[in-house]
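Take a look at the structure set out below.
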Amino acid sequence: LTPLFAKPRSWQILDMLIALTMWVIAVKLLLM
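My numbering puts the first residue of the sequence shown at -12, with every later residue one more than the last.
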C-alpha cells in the first residue's frame, strides 16, 4: 500500500471517494 499512497493522485482519488460516500450518507439521512 505504501508505494500507492506515495503518489499525490492516489490521495486525491481517495479523498474524492470519501467525500462522495459522506454525501451519499448525508442525502440518505436527509431523505429518511
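Just so you know, even glycine gets a beta-carbon here, dropped at the ideal spot from N, CA and C.
On the DSSP letters alone, give me the boundaries of the alpha helix (DSSP H) that residue i sits inside.
i         : result
residue 9 : -5 to 18
Pull up the distance between the alpha-carbon of residue i and that of residue j, whole angstroms please.
i           : j          : result
residue -6  : residue 0  : 10 Å
residue -10 : residue -4 : 12 Å
residue 4   : residue 15 : 17 Å
residue 9   : residue -2 : 16 Å
residue 17  : residue 2  : 22 Å
residue 6   : residue 13 : 10 Å
Do we get a CB-CB distance below 8 Å when we pair residue i with the residues of chain C?
i         : result
residue 4 : This model lacks chain C altogether, as it is built from one protein chain only.
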